[in-house]
Amino acid sequence: MDTPFIAKTDRLQKKKGLLVWVDERIQFILLIPSLLLMLLVFLYPLLNNVYLSLYDYTFLTMQDPPFVAFRNILNVFKDPGFYHSIYLTALFVGGGVGLQFIIGFSLAMAVKGIRKGHGMITTLFVFPMMVTPVVVGLIWKFILDYNFGIFNYFLTLLGLDKISLLTTSQLALPTTIMVDVWQWTPFMFIVLLAGLKALPQDPYEAAEMDGASRWQTLWYITLPLMKSVIIVALVMRIAGALKVFDQIFVLTGGGPGTSTETVSMMLHRKAFVEFDFGYSAALALVLTIIVGFLCWFAIRALYSEK
20 MDTPFIAKTD RLQKKKGLLV WVDERIQFIL LIPSLLLMLL VFLYPLLNNV YLSLYDYTFL
80 TMQDPPFVAF RNILNVFKDP GFYHSIYLTA LFVGGGVGLQ FIIGFSLAMA VKGIRKGHGM
140 ITTLFVFPMM VTPVVVGLIW KFILDYNFGI FNYFLTLLGL DKISLLTTSQ LALPTTIMVD
200 VWQWTPFMFI VLLAGLKALP QDPYEAAEMD GASRWQTLWY ITLPLMKSVI IVALVMRIAG
260 ALKVFDQIFV LTGGGPGTST ETVSMMLHRK AFVEFDFGYS AALALVLTII VGFLCWFAIR
320 ALYSEK
């Protein structure tokens, strides 16, 4: 007589156990649709890129591209132009991100202690970051234009000679770095300011009681406490600067000559000017590996910090 009751109890227990299991993992279950979409958006281009890199896929061989295995990747590392573009990319990333960090951190330290007008100042600093890179490139191209730009107009008012910043080989790369610094320093500023505001005050009070100077406080307290925030900010900007394209494309188009041809600009030239899709896919794969290595380094550094 108790058999139906026992069976019903077993079903209720199983149902309860399932509900408990779901409840314990609900946050991961809710993430599944988004993760699947992200994997689809990420994996398909990546796999297609790997596929293209294994073939001599050009405009002429598009109908039946021959399989060349890893020849395209080997050709990338044999190409002197690749190392030239890596050198220019390193200069662009190192100079740009370095200046962004120094200026952004200095501004964050200065604004941290301001109370009146804090919101307005922060908004003004952040404004360049809100403009798309293409528009930023166009704005600065008009400002720096040799014939009609306001920059050269003021130089002539001062009795100085005009300077062709975007068409002179020695000046083009520093100019593109300056434009990148103008746009992305606000990102560093916002991230570092948020990190500074979240720091505990106890170490600073103890340092003040011990008579520590401002430089000692900065070096021994602020920077160590900000290490994880600084790593995240630097890696995000390095990853962004490594693949910058639109800004340089609008400003100089990679010229004059190849004086501003970073890896992204070289990739564009190989794919959409020379139509060597196999080589450009291999080059994109190398760039992806470099960015992935930086992300791995950042995650490792953050976990070691914890």
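Numbered according to this note's numbering, the sequence shown spans residues 20 to 325.
The C-beta atom is built at its ideal place from N, Cα and C for all residues, glycine as well.
This structure is a prediction, so every number in the text was calculated from the model and none was measured.
Between Ala317 and Val251, the gap from beta carbon to beta carbon is short of 9 Å. Here Thr281 carries a coil assignment [DSSP, helix/strand/coil]. For Val310 against Ala258, the beta-carbon gap comes to about 5 Å, under 8 Å, which counts as contact. When the alpha-carbon of Asp164 is set against those of Thr142, Phe146, Met148 and Thr187, the nearest one is in Thr187. Around the beta carbon of Phe208, 16 or more other beta carbons sit within 10 angstroms, so the residue counts as buried. For Thr151, the secondary structure class from DSSP, reduced to helix, strand or coil, is coil. Beta bridge pairing from DSSP links Asp265 with no other residue.
In the three-state reduction of the DSSP assignment, Phe61 falls in the helix class, which pools H, G and I.
Here the alpha carbons of Ser323 and Phe167 stand approximately 53 Å from one another.
Residue pairing by DSSP places Tyr74 opposite Phe86 in a beta bridge. Gly115 and Trp201 have their C-alpha atoms roughly 9 Å apart. Between Trp203 and the set Gly214, Leu174 and Arg256, the nearest pair of CA atoms involves Arg256. One alpha carbon belongs to Leu270, the other to Gly276, and they sit about 13 Å apart.
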